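Working notes, structure below.
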Amino acid sequence: MEKNDVTLLIGGEAGQGLVTLGQLLAKILVHAGYSILVTQSYQSRIRGGHNTFAIRVSTEAVVAPRESVDLLIAMNEETVTLHEAEVADGGLIVADEAHGTDTDGCLQVPYQQLAETRLANVVALGVVSVLLGLDQALVARTLNDFFGKKDHEMAEKNRQILTTALDWCGQQPVTFEKLPPVAKPIQRMLMNGNEAIAMGALSAGVKFCSFYPMTPATSIALNLTAQAGRMGLVVEQAEDEIAAINMAIGASFAGVPSIVPTSGGGFALMTEGVSLAGMTETPVLIVVAQRPGPATGLPTRTEQADLELVLYAGHGEFPRAIYSPGTVEECFWLARKSVDVAAKFQSPVFLLTDQFLADSSRAVTPFDIDNLEPIDPGIATDASSLPYNRYAITPSGVSPRLLPGMSKHLVVADGDEHLVDGHLTEDLKVRNLMVEKRLRKEQGIMAEVVPPEFQGDESPDLLLVTWGSSKGSVMEAAAKLRNDSTRVGILHFSQVWPLVPDQFLGYLESAGEVVCVEGNVYGQLARLIRRETGFGVHRRVLRYDGLPITPEYVLRELGRA
Amino acid sequence: MEKNDVTLLIGGEAGQGLVTLGQLLAKILVHAGYSILVTQSYQSRIRGGHNTFAIRVSTEAVVAPRESVDLLIAMNEETVTLHEAEVADGGLIVADEAHGTDTDGCLQVPYQQLAETRLANVVALGVVSVLLGLDQALVARTLNDFFGKKDHEMAEKNRQILTTALDWCGQQPVTFEKLPPVAKPIQRMLMNGNEAIAMGALSAGVKFCSFYPMTPATSIALNLTAQAGRMGLVVEQAEDEIAAINMAIGASFAGVPSIVPTSGGGFALMTEGVSLAGMTETPVLIVVAQRPGPATGLPTRTEQADLELVLYAGHGEFPRAIYSPGTVEECFWLARKSVDVAAKFQSPVFLLTDQFLADSSRAVTPFDIDNLEPIDPGIATDASSLPYNRYAITPSGVSPRLLPGMSKHLVVADGDEHLVDGHLTEDLKVRNLMVEKRLRKEQGIMAEVVPPEFQGDESPDLLLVTWGSSKGSVMEAAAKLRNDSTRVGILHFSQVWPLVPDQFLGYLESAGEVVCVEGNVYGQLARLIRRETGFGVHRRVLRYDGLPITPEYVLRELGRA
Amino acid sequence: MVSIEDYGQYETAWCPGCGNFSILEAVKQGLVDSVIAPHEVLVVSGIGQAAKAPHYLNANVFNGLHGRALPVATGAKLANPDLRIIVESGDGCNYGEGGNHFLAAIRRNIDLTLIVHNNQIYGLTKGQASPTSEEGLITKAQPEGVASLPFNPIAVAVAMQASFVARGFSGKIDHLAGLIQQGLAHEGFALIDVLQPCVSFNKVNTFAWYKKRCYTLSDEYDATDWQTAMQTAVEWGDKIPLGIIYRNQRASFEKSFSVLQRGPLVGQDTDLGELKKILEKFV
Amino acid sequence: MVSIEDYGQYETAWCPGCGNFSILEAVKQGLVDSVIAPHEVLVVSGIGQAAKAPHYLNANVFNGLHGRALPVATGAKLANPDLRIIVESGDGCNYGEGGNHFLAAIRRNIDLTLIVHNNQIYGLTKGQASPTSEEGLITKAQPEGVASLPFNPIAVAVAMQASFVARGFSGKIDHLAGLIQQGLAHEGFALIDVLQPCVSFNKVNTFAWYKKRCYTLSDEYDATDWQTAMQTAVEWGDKIPLGIIYRNQRASFEKSFSVLQRGPLVGQDTDLGELKKILEKFV
Ligand SMILES: Cc1ncc(C[n+]2csc(CCOP(=O)(O)OP(=O)(O)O)c2C)c(N)n1
Ligand SMILES: Cc1ncc(C[n+]2csc(CCOP(=O)(O)OP(=O)(O)O)c2C)c(N)n1
Ligand code: SF4
Ligand code: SF4
Ligand SMILES: [Mg+2]
Ligand SMILES: [Mg+2]
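So the sequences go chain by chain: A, B, C and D.
Those letters in the first sequence? Residues 4 to 564, per our numbering, in order.
Those letters in the second sequence? Residues 4 to 564, per our numbering, in order.
Those letters in the third sequence? Residues 367 to 649, per our numbering, in order.
Those letters in the fourth sequence? Residues 367 to 649, per our numbering, in order.
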């Protein structure tokens, strides 16, 4: 018998190598042609504590995490106690014989006997692959690729342990439903949200990244750093976030597309710099990887509560665009688009992600790099009018942009109110012209807005509105509800500013009940929609405990679980 | 013949002593029992440039500035050229014979002949007091009080110059309508917005102020510094704004009501600290004196564009209150209330003022200090429950507050999510309890909201909605419109967050046309009202050129000038 | 009497073998030797592994933002000079994000003791270079090696005439406890930079590395001589000096406020009569 | 050839008699002597009276935020190392709000010339104490006198082994121009702290005050000797040394990025073929 929607959860302490195990399994499953979705949960510490790495796998597309667990791989006793209850009927607990509950719902593994402690995760790998019925050659190859390069001896040892584990498990009288094999595995990438953002930025020609480390944004910078040599990139760890944003503005002013990854608290420190980018009309992409606040809050968990922070960041008034990818693919494409829009409109642009999406590895169809539309860096090759005026008044509000030192023309940028030539002024008539020039750019940004994505039944009884990383869970919840014969639609915003009511107001008005699903306590998108359209959503499903919104959570909150 | 609504405008370079002249005149006028309103306009420089000091004076209450000038006191030629056009019929220009236009609309003063250049402003004082028909003894006394203490010789010289000027002017054949004398002058104070904020804060027991200099907020700190010795206050200039807000949080945590004055750009740097105050539940009053942005913008001008910045400042979600005084009196009373509300709800509280109000000296009826209601610092004398839990869960969300070192009980505050005892936690159930506890405080804040002030005709044809310093100009515009037999109402918000729709929605719905008047380009209050009520104002009158909204401006924009 | 037990024993979130444990012990010992009871001391920290220390100490605590512990402590001290204040945080917190506050605290000579857990790395964020990381150190964030010169907090503090500048090592708990006790006894700003192995991320500056190099200054060493101190401050490499490297006498910052002569601000009430007089000046 | 006229003559917003005028002249002279044409140089500033200087110079300009000129300049230099970069701003800007960036710039040794108009006061905001204000200076904001020790940028820079540390005086234009020319010629971070009278707000450190005390270091002076430099760095009061106080040889920061060996980032295009290979690793 087979089961085509399996969630396995690996639990243990930080430092027990459960992430390595999880990544190996993820890679193997993707190679084998399965669709997967990873959910990582960890604590703000380096060793100890309780961390989990969950993989949901199926031959069908997996779009959301699931709460119930089919295979619980407990690397310590605590994991059994904490997660036993989540194990579904027919589920299995894989635990050390020392920790396991002695029922037939539990496979007790003699780890000590099969390997030294620090390699227990290799044993677990073997056991799991047998239970799921994975191609053992593939498992061995993946394991070898992982260590092979670094350390041959290590690789050899791993191979032996794996074999022992496979043999041992093969002889166990366990009944766990295997995964249906995939006949012709299509090639897919294993990629998480932050990797996709880094790749999307690279594809758009980003060549400068300044950052100050902050979870869950750091890995964006690290992914860029890893490719700096090959892609001709400078990545600099700044002394603080204020330096990071100002460095990026300096690099961008000099002509290099720049990115600044951070999280809420670090971003708060950058808001004066955001205002400077707005005033000097310097393009810059700021990625805000959300985590629960206020202040330090829950630094390793997830939340969607910085929409308003980003929307109003920086003193004074100037246009901006804010993207909120809902999938790993959208992370790539929207990071790319962000760079494009920042350059086109010489403005700060924001990408809102969160810990859940940042760390969620998924099976992703390779991007068609060969057919990417080229991105216009928005830099004029010569001055349209002489003397060159950096802030020439134009109908679009966008002024032709030259670069300092790249021609005989002088480029002057100023954070004070300025004349067309960039020099500061206190002429209040010019002030008005400049405010209006900057504002006109909003029209252009509007014209490029990614419309919210509508799925499901036309004029539904229930419309679920959401944004960012909650997309998949809302989609799955909608599907479930549809089975109970409710007409359900979903509306996902992958761009939360500017909003263009014509693109979505019709959906809201034609729906029976409109429910906004968000990972925050105020319902930030809901109130923004009301501000922009006057339409008040009927109900809100909110989550703010630090965990991602799941399909089950949505159904429970709707009273339809 | 007499004129009971005179605007005099003194213009010249920075450094010519025109502010001294203006302040002397203001003091004399208030002593003489007149109502006045000062509007200062200066440039971001120390010497030179073109600055003005305008005083509108009347025996009736003056609530707003006026654009047309009756008496133009030109300390240099530029002033004549720049402001000639503003002079009303029957108005007079007082200029140096070297600069003046040779018409009978101009009184040419032989400054060189009457005094050395640096004391020209004393000559001007004499001339103006004759023209307005002010009590010469009062003029001499005020002048003497001003210099007397500092420098007797100086005082003597001034007296002589004044006399010469008075004599000279007495002999001139000018016809300028004098001010009607005030029979029984009632005692009033000459006070500007920032002075009133400082005094209000002192009255509420503020004992700590940390700041980093920034126009137009600096004078709040300087006014507090001047009284530090007498009121037992520590005022510290911090190394930067981040230090300023964190110092204030530290002082407040230790038990001292604290205030932090700043402006948009400096405030942007404080937003992470705002979030810390929200999370640690530390009371702090932050005064944001608005000026035009983005970035450095127009550092010495006025604007009302930081409402949204302040409303969403700080990452994560937590309650706050935002006040926006419309008059000098409201600056005093709302600064006082801010301190109270911050203490009651252990939250950051904001006071939004702007350059116009900050520098606008007015005749103010003395505050009744003897009958002030005492303010509860909100500090428990002993732990209600032992061991003491700083973040005890309560129905109101407010936890009894003890101070570190003031008892045997230990006080633990944390910017991470925390347990009731203040120590950090990653328990996600506790997280929810704490988020909800913090949010419950919003109910208490709501119950204390200062309702918007409605004036004028019930269910009017035209309702003018405004906030902050634009109050007076909107009131006066409304009065003018009422004379043309329109039924007009005005609704002024002196608290812009939280909004309690029941307090004002009725006014909006019962009005014919609703127009929001604001000193920004987006109509920030208008869109906030729509977000909170769904009500979209019909029209917006916006100003963003750095000048205060005037009655004339409102009428022009309404096409009713 | 104050005993070590008064400061409690807690589970920590630190890695086994981390230098933080010893520093925590030394802090307790230093407090006990100073006969300071838990309710008399306020421990302020920022964010990082080091910054978690106050949570493992039975005392008044304010755990604030990354890099901002010093301003919070400064405000608290000005509000209530009777509070004994310790600031405990990492090298990244104090010399990186908080660099500007470090300079200001030295200039003010505010009376508090700053204990920097200097592991020459960003621990909590998993091993990026910190301001004190050695030149050339390779990390995921600095794959070509750290190019900036390491920040020498001791040299900067001595150059700025800080009034108490010391270095300790987590491997010498008693010596460190002694420094902390003296730092607490010192009137003014006391900097104690503590070399601390990070077993998880700093594979260069290990316990052995420090052990091999650290030596304690002899009793003859004259910490009041600025020139000698400056020389000693830049000693690094084969030999790393431990102890009080420089000290001088200077009034602490709080003393400069005449209002504080009347006692702490906290508890003082508001003299509305005086305010009334002040308001009369506006008439 | 480059001439002084190339850098233009503009009306300023400065007070008559301000030291800024002379510094502006010296900057022009230094640029001319370095044979740098206006389009080859980028002048970055913060906010303050000093920070207005670039507006009076015919050059590429980025006038950013108070205290944040150095990071902007650092980013621009990394994007295009061919740009010759001058950062010009006040003492408050660089040592106050921007203190942390000052430390970082020294550690990086990024190739740019920092000219600090040090008038020991906050000019534009009307005369509050700056980090370099003398102890005891009385201002409206410090009525009891400045209590903090003045920040000595030279001492801190030398203590941190900055690669070029100099002091000039606006009263000695030619000497200052020479320092600026040498600073521009220096590969790496060059600090030039310029003593500048503020006639409007600093009534203590006047032109006469500086004139009386300033002396230029003799030709015998060995700026490469760190100990001597450290001694000279703390000289202040009756005698104030002018000139290059310390210098050393050290690779400038940009050199540490191998990608920059291929030339400036600006202008380099994106190798999508390489990206494709990178993406294959995810498969
Ligand atoms: C404003 C802000 N920026 C960044 C972070 C992320 N962060 C947390 S700890 C840390 C560095 C910790 O290094 P250190 O201060 O040396 O402490 P350690 O963990 O090494 O003890 C960083 C960058 C943060 N919490 N806040
Ligand atoms: C973030 C921020 N804080 C404060 C200010 C206000 N401000 C403008 S200039 C200045 C200080 C100027 O002093 P300095 O840098 O020494 O320059 P100077 O005017 O003396 O030449 C301050 C505090 C600002 N513009 N931005
Ligand atoms: S990461 Fe390093 S510093 Fe942090 S606890 Fe572990 S060993 Fe200690
Ligand atoms: S205020 Fe001082 S520094 Fe500024 S221009 Fe005037 S004299 Fe120069
Ligand atoms: Mg560290
Ligand atoms: Mg200055």
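Backbone N, C-alpha and C define an ideal beta-carbon position, used for all residues, glycine too.
These numbers come from a predicted model, not from an experiment.
Item to check | Closest by C-alpha distance to B:Gln43, when choosing among B:Arg559, B:Glu80 and B:Gly549 | outcome: Position 40 of the second sequence, counted from the start, is the residue given in the question as residue 43 of chain B. Ranking the options by Cα distance to B:Gln43, first place goes to B:Gly549.
Checklist entry - From the beta carbon of A:Gly52, is the nearest beta carbon of chain C less than 8 Å away? => result Here residue 52 of chain A is taken as the residue at index 49 of the first sequence, counted from 1. It does; some Cβ of chain C falls within 8 Å.
Next on the checklist: Count Cβ pairs between the region 534-542 of chain B and the region 286-300 of chain B that sit closer than 8 Å; are there 3 or more?
Outcome noted: no
Checklist entry - According to DSSP, what are the bridge partners of A:Gln43? => result Position 40 of the first sequence, counting from 1, holds the residue named residue 43 of chain A. Paired residue(s): A:Phe56.
Next on the checklist: If you reduce the DSSP assignment to three classes, tell me which class D:Gly396 lands in.
Outcome noted: Working through the fourth sequence from its first residue, we reach residue 396 of chain D at position 30. DSSP places D:Gly396 in helix when its eight states are reduced to three.
Item to check | Contact belief for B:His53 with B:Leu85 at Cβ below 8 Å, rounded distance in angstroms | outcome: For the purposes of this step, residue 53 of chain B is identified with residue 50 of the second sequence, where counting begins at 1. For the purposes of this step, residue 85 of chain B is identified with residue 82 of the second sequence, where counting begins at 1. Between B:Leu85 and B:His53 the Cβ distance is about 7 Å, and since that is below 8 Å, they are a contact.
Checklist entry - Mind checking C:Asn484: buried by the 16 CB within 10 Å criterion, or exposed? => result As a first step, residue 484 of chain C must be located in the third sequence, where it is residue number 118. So C:Asn484 ends up on the buried side.
Next on the checklist: Less than 8 Å between CB atoms is the rule here; does B:Ala251 satisfy it with respect to chain D?
Outcome noted: As a working note, residue 251 of chain B is residue 248 in the second sequence. B:Ala251 does not count as touching chain D.
Checklist entry - What's the call for A:Gln174, buried or exposed, on a 16-neighbour Cβ count within 10 Å? => result Within the first sequence, numbered from 1, the residue matching residue 174 of chain A stands at position 171. Result: exposed.
Next on the checklist: Helix, strand or coil for A:Gln19? Go by DSSP, reduced to three states.
Outcome noted: As a working note, residue 19 of chain A is residue 16 in the first sequence. In the structure shown, A:Gln19 sits in coil (DSSP, three-state: anything other than H, G, I, E or B).
Item to check | Close Cβ partners of B:Glu87 (< 8 Å) along its chain, the five nearest in sequence each way excluded | outcome: Position 84 of the second sequence holds residue 87 of chain B. If we look at B:Glu87 and ignore the five residues flanking it on each side, its Cβ neighbours are Leu75, Ile96 and Thr104.
Next on the checklist: According to DSSP, is B:Met273 part of a helix, a strand, or is it coil?
Outcome noted: To locate residue 273 of chain B, count along the second sequence from 1; it is residue 270. DSSP places B:Met273 in helix when its eight states are reduced to three.
Checklist entry - So, C:Val368 versus C:Ala392, is the Cβ gap smaller than 8 Å? => result Taking the third sequence and counting its residues from 1, one reaches residue 368 of chain C at position 2. Taking the third sequence and counting its residues from 1, one reaches residue 392 of chain C at position 26. Against a cut-off of 8 Å, the Cβ pair of C:Ala392 and C:Val368 comes out as no contact.
Item to check | Pair within 8 Å by beta-carbon distance, B:Glu320 and A:Tyr525 | outcome: Position 317 of the second sequence, counting from 1, holds the residue named residue 320 of chain B. Position 522 of the first sequence, counting from 1, holds the residue named residue 525 of chain A. Contact flag set, yes.
Checklist entry - Can you tell me whether DSSP reads C:Val482 as helix, strand or coil? => result As a first step, residue 482 of chain C is located in the third sequence; it is residue number 116 there, counting from the start. Strand, per DSSP.
Next on the checklist: Tell me which residues of the region 529-549 of chain A have at least one Cβ-Cβ distance to chain B shorter than 7 Å, keeping chain order.
Outcome noted: Arg530, Arg533, Arg534, Gly537, Gly539, Tyr547, Asp548 and Gly549
Item to check | B:Thr305 versus B:Ala241 - alpha carbon distance | outcome: Against the second sequence, residue 305 of chain B aligns to sequence position 302. Against the second sequence, residue 241 of chain B aligns to sequence position 238. In a straight line, the C-alpha of B:Thr305 is about 25 Å away from that of B:Ala241.
Item to check | Every unbroken alpha helix (DSSP H) within the region 518-559 of chain C, with a cutoff of 4 residues, ordered by chain | outcome: 519-525 and 539-551
Next on the checklist: Just to confirm my understanding: we take A:Ala246, look at its own chain, exclude 5 residues before and 5 after, and list those with CB closer than 8 Å. What are they?
Outcome noted: In the first sequence, counting from the first residue as 1, residue 246 of chain A sits at position 243. Contacts found: Ser213 and Tyr215.
Next on the checklist: Looking at the strands, I want to know which residues DSSP matches up with A:Ala292.
Outcome noted: Indexing the first sequence from 1 puts residue 292 of chain A at position 289. Paired residues: A:Thr356.
Item to check | Any C-beta of chain D under 8 Å from that of B:Glu306 | outcome: Stepping through the second sequence from its first residue, residue 306 of chain B is reached at position 303. Chain D, which has no Cβ nearer than 8 Å to the Cβ of B:Glu306, makes this no.
Checklist entry - Using DSSP with H/G/I as helix, E/B as strand and the rest coil, what is D:Trp575? => result Position 209 of the fourth sequence holds residue 575 of chain D. Helix, per DSSP.
Next on the checklist: Tell me which residues share the same chain as C:Tyr581 and place their Cβ nearer than 8 Å to its Cβ, disregarding the 5 neighbours each side in the sequence.
Outcome noted: Here the question's residue 581 of chain C lines up with position 215 in the third sequence. Hits under 8 Å: Lys605, Ile606, Pro607 and Leu608.
Item to check | chain D residues whose Cβ lies nearer than 7 Å to that of A:Phe256 | outcome: On the first sequence, position 253 is the one that residue 256 of chain A refers to. By Cβ distance, chain D contributes Phe428 and Ala442.
Checklist entry - Smallest Cα separation from B:Val9: which of B:Val331, B:Val125 and B:Val90? => result Here residue 9 of chain B is taken as the residue at index 6 of the second sequence, counted from 1. Closest option to B:Val9, Cα to Cα, is B:Val90.
Item to check | Host beta strand (DSSP E) of B:Leu75 (start-end) | outcome: Along the second sequence, one-based indexing puts residue 75 of chain B at 72. Unbroken beta strand (DSSP E) run through B:Leu75: Val72 to Ala77.
Item to check | Beta-carbon proximity list for B:Pro455, same chain, < 7 Å, skipping 5 on both sides | outcome: Residue mapping note: residue 455 of chain B aligns to position 452 of the second sequence, counting from 1. Excluding sequence neighbours, B:Pro455 sits near Leu494, His495, Phe496, Gln506 and Phe507.
Checklist entry - So with Cβ pairs under 8 Å, would you call B:Asp170 a contact of chain C? => result Counting from 1 along the second sequence, the entry for residue 170 of chain B is found at position 167. No, B:Asp170 does not count as interfacial toward chain C.
Item to check | Of the listed residues A:Gln26, A:Pro184 and A:Met157, nearest to A:Thr62 (C-alpha basis) | outcome: Position 59 of the first sequence holds residue 62 of chain A. Here the closest residue by C-alpha is A:Pro184.
Item to check | Close-in-space but distant-in-sequence residues of the same chain around C:Glu553 (CB under 7 Å, 5 per side omitted) | outcome: On the third sequence, residue 553 of chain C is found 187 positions in, with the first residue counted as 1. Closer than 7 Å at Cβ, skipping near neighbours: Asp477 and Ser618.
Next on the checklist: Which residues of the region 455-469 of chain D have a Cβ closer than 7 Å to any Cβ of chain C? Give them in chain order.
Outcome noted: Gly465, Asn466 and Leu469
Checklist entry - Closest by CA to B:Lys340, which one among B:Ile448, B:Asp243 and B:Leu558? => result Position 337 of the second sequence, counted from the first residue, corresponds to residue 340 of chain B. The shortest C-alpha separation from B:Lys340 is found at B:Ile448.
Checklist entry - For C:Ser496, is the beta carbon positioned less than 7 Å from some heavy atom of ligand 5? => result For the purposes of this step, residue 496 of chain C is identified with residue 130 of the third sequence, where counting begins at 1. It does: the Cβ of C:Ser496 is within 7 Å (strictly closer) of some heavy atom of ligand 5.
Item to check | Closest by C-alpha distance to C:Val632, when choosing among B:Thr221, B:Ala254 and B:Val414 | outcome: As a first step, residue 632 of chain C must be located in the third sequence, where it is residue number 266. Ranking B:Thr221, B:Ala254 and B:Val414 by Cα distance to C:Val632 puts B:Ala254 first.
Checklist entry - When you compare only the Cα positions, how much space is there between D:Pro420 and A:Lys347? => result Counted from its first residue, the fourth sequence places residue 420 of chain D at position 54. Counted from its first residue, the first sequence places residue 347 of chain A at position 344. Their backbone Cα atoms lie some 28 Å apart in a straight line.
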